[in-house]
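Down below is the structure, laid out as structure tokens.
Chains as they are written, first to last, in UniProt numbering: chain W, 1 to 305; chain U, 1 to 305.
Rendered as structure tokens:
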């Protein structure tokens, strides 16, 4: 049953490298996407929270998706974020993805207005899907209330699945709350529930979840993919446990200081490219002291991963 | 001293009428802006929270500003919101305003990422102002933490005033907290502090505030302007008190149900144009029952205002 759930697998919420003017570095981004697939990611969930997408313009987002494709990543391996505050721009970004052959998108709810009604959220998603008007579309809803300020309640999911069967197929649950993810799996059979936090993918898989879209996969995709592939194999229990341990350690390491800046610092260490340190304001790179504290004690990790 | 503060006066956070496809109705918007100026508004703060601006695209926002100008409102009377989550689009909207002669803008902080550092917020505003690169620019910061999720702390204001004197000239404080507004007036002499709630303009003026940018002004601009013009005139104390009473009543009336939908329903009643009822999702029009409850008991108000 769960085999039919789509999407399913280990997806990386890819970082976005910036040039010295704080604009997206397209060649470096394409190379990073290729790296993630080579490391074992089922696909790349580009242009999400971790990818700083909401600090980019519509044009920058389109260029980044096209760069990943031009860099050799298959359209079926790309799952861009297309949900922004503006309804027509969400439509435009989603249409653009479809126009380049990318059919699965991760869609934030419109996130400026808070405390909106369930009917309002349903109407917003419905407007977007109807304006896009393409049966190829597959939408993964994006529940990250601590950042978006707009949770996606069960009533909204139920209404959208009933109205758009085969189109609204999953949810990225970045609440960090395993009980919330488990309740989604139980309430909505056949719905793809993807963990937004690496350590929670394993327990979520055990109750019928579909995998994960995570930030730490920028560092440890190989280990998370191993957990995904072998979690149900008793003969590999020890190896799965070891891989899961490395995933947990990687996430803890990246969470001591601001996570996205830490992931970029660790990627800079891995690649030897200091350009990776930059973030676009309002997010900031680690301070020199933070960087030293992060990298100093475990440089071997940065090199090994 | 406070006379030199800019901007200063009564500004309406203008509603945006929509057509049957839920797209901005440009002629109706231009007519509404003219009405607001005729009713006594110092200017029109279009494309704010009340104007549903963050549900519109960059192109729609530009078209609305141009429609207000084409409709006969002077550039000096227009104060559009230009702050969006995306840094380059904030720059583009601000440059567009300047290109049509509109120099004062109300600027939200980038509002997707939450819990950002003061340095990050300062860097974001600085990037925007530097990329715009136009000394004519006047920025009113927009503090509305209950919606944006991103408060603007004193440290950010102090840093931006020091770095961009004459450019960062004021703040719209929609916190609803008079103590917060008063503290801003006391901490930052010469800074324009504008109340985001109609009833608070009068007490704020008494401690040195510069006026208001409010939603209820869509209904009661004449009264709020009277309070602004005569609050310091002992001979008009009774009239000021009466006008303030009507302002408070109008706001209370518009707050019984969702405020923006209520303001649109009351504007529909005033103009006799039912098209005014529409909102773009995720915001929703009042239900029939809410509309009846709102309009039934006080239709004379809707007609009289």
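Ideal Cβ placement from N, Cα and C applies to all residues, glycine included. Here the structure is a predicted model, which is why all the values come from computation and not from measurement.
{"Check": "Within the same chain, show all residues whose beta-carbon is closer than 7 Å to that of residue 246 of chain W, passing over the 5 residues directly before and after it, in chain order.", "Outcome": "220, 223"}
{"Check": "When the Cα atoms are used, what is the spatial distance from residue 268 of chain W to residue 289 of chain W?", "Outcome": "16 Å"}
{"Check": "Determine the chain U residues that contact residue 127 of chain W at a beta-carbon separation under 9 Å, and present them in chain order.", "Outcome": "22, 280, 281"}
{"Check": "Mind checking which residues open and close the beta strand (DSSP E) that includes residue 142 of chain W?", "Outcome": "138-143"}
{"Check": "Can you grab the Cα-Cα spacing for the pair residue 48 of chain U / residue 77 of chain W, in whole Å?", "Outcome": "39 Å"}
{"Check": "Where residue 19 of chain W and residue 200 of chain W are concerned, what is the direct C-alpha to C-alpha distance, given to the nearest angstrom?", "Outcome": "33 Å"}
{"Check": "Hey, how far is the Cα of residue 70 of chain W from the Cα of residue 27 of chain W?", "Outcome": "9 Å"}
{"Check": "By the criterion of Cβ-Cβ separation under 8 Å, what are the contact partners of residue 105 of chain U in chain W?", "Outcome": "By Cβ distance, chain W contributes nothing, its closest Cβ being about 17 Å from residue 105 of chain U, past 8 Å."}
{"Check": "Within 10 angstroms of its Cβ, does residue 40 of chain W collect 16 or more other Cβ (buried), or is it exposed?", "Outcome": "buried"}
{"Check": "Tell me which residues of the segment 53-75 of chain W have at least one Cβ-Cβ distance to chain U shorter than 7 Å, keeping chain order.", "Outcome": "54, 55, 56, 57, 60"}
{"Check": "What residues in its chain sit with their C-beta under 6 Å from that of residue 301 of chain U, if we drop five residues either side in the sequence?", "Outcome": "At residue 301 of chain U the pLDDT is 46, less than 50, meaning the model places this residue with poor confidence; the figure from the coordinates comes in the next sentence. Nothing listed; no residue qualifies."}
{"Check": "Counting only beta-carbon atoms, is residue 87 of chain U nearer than 8 Å to chain W?", "Outcome": "yes"}
{"Check": "Looking at chain W, which residues of the segment 109-121 of chain U have a Cβ within less than 8 Å of any of its Cβ atoms?", "Outcome": "109, 110, 111, 112, 113, 114, 116, 117, 119, 120, 121"}
{"Check": "So, is the C-beta of residue 162 of chain U closer than 8 Å to a C-beta in chain W?", "Outcome": "no"}
{"Check": "Looking at chain U, is there any beta carbon in it that lies within less than 8 Å of the beta carbon of residue 14 of chain W?", "Outcome": "no"}
{"Check": "Could you check what DSSP says for residue 10 of chain U in three-state terms: helix, strand or coil?", "Outcome": "strand"}
{"Check": "For chain U, check one thing: does any of its Cβ atoms lie closer than 8 Å to the Cβ of residue 284 of chain W?", "Outcome": "yes"}
{"Check": "Find out if the Cβ-Cβ distance for the pair residue 244 of chain W, residue 202 of chain W is shorter than 8 Å.", "Outcome": "yes"}
{"Check": "Against chain U, with Cβ distances strictly below 8 Å, would residue 124 of chain W count as a contact?", "Outcome": "yes"}
{"Check": "Which term fits residue 291 of chain W, buried or exposed, when burial requires 16 or more other beta carbons within 10 angstroms of its beta carbon?", "Outcome": "buried"}
{"Check": "Let's see if you can read the secondary structure: which residues bound the beta strand (DSSP E) around residue 169 of chain U?", "Outcome": "168-173"}
{"Check": "Can you check DSSP and say which residues form a bridge with residue 192 of chain W?", "Outcome": "W:170"}
{"Check": "Is it right to say residue 127 of chain U is buried, meaning 16 or more other beta carbons lie within 10 angstroms of its own, or is it exposed?", "Outcome": "buried"}
{"Check": "Just how far apart, CA to CA, sit residue 57 of chain U and residue 218 of chain W?", "Outcome": "32 Å"}
{"Check": "Give, in chain order, every residue of the segment 139-159 of chain U whose Cβ lies closer than 9 Å to some Cβ of chain W.", "Outcome": "146, 147, 148, 149, 150"}
{"Check": "Among the residues of its own chain, which have a CB less than 8 Å from the CB of residue 233 of chain U, if the five just before and after it don't count?", "Outcome": "240"}
{"Check": "On the CB-based measure, 16 or more other CB atoms within 10 Å of its CB, does residue 134 of chain U come out buried or exposed?", "Outcome": "exposed"}
{"Check": "Measure how close the beta-carbons of residue 140 of chain U and residue 104 of chain U come, nearest whole angstrom, since I'm counting them as under 8 Å.", "Outcome": "7 Å"}
{"Check": "Please list the terminal residues of the continuous alpha helix (DSSP H) segment that includes residue 181 of chain U.", "Outcome": "178-187"}
{"Check": "Classify residue 174 of chain W as buried or exposed, calling it buried when 16 or more other Cβ atoms lie within 10 Å of its own Cβ.", "Outcome": "buried"}
{"Check": "Would you mind working out which of U:287, U:277, U:260 sits nearest residue 22 of chain U, comparing C-alpha positions?", "Outcome": "U:277"}
{"Check": "Hey, is the segment 29-38 of chain W in contact with the segment 280-289 of chain W, meaning 3+ C-beta pairs nearer than 8 Å?", "Outcome": "no"}
{"Check": "From the DSSP secondary-structure annotation, give me the bridge partner or partners of residue 212 of chain U.", "Outcome": "U:10, U:195"}
{"Check": "Count the other C-beta atoms from every protein chain shown that fall within 10 angstroms of the C-beta of residue 99 of chain W, then say buried if there are 16 or more, exposed otherwise.", "Outcome": "exposed"}
{"Check": "Residue 52 of chain W: buried (16+ other C-beta within 10 angstroms of its C-beta) or exposed?", "Outcome": "buried"}
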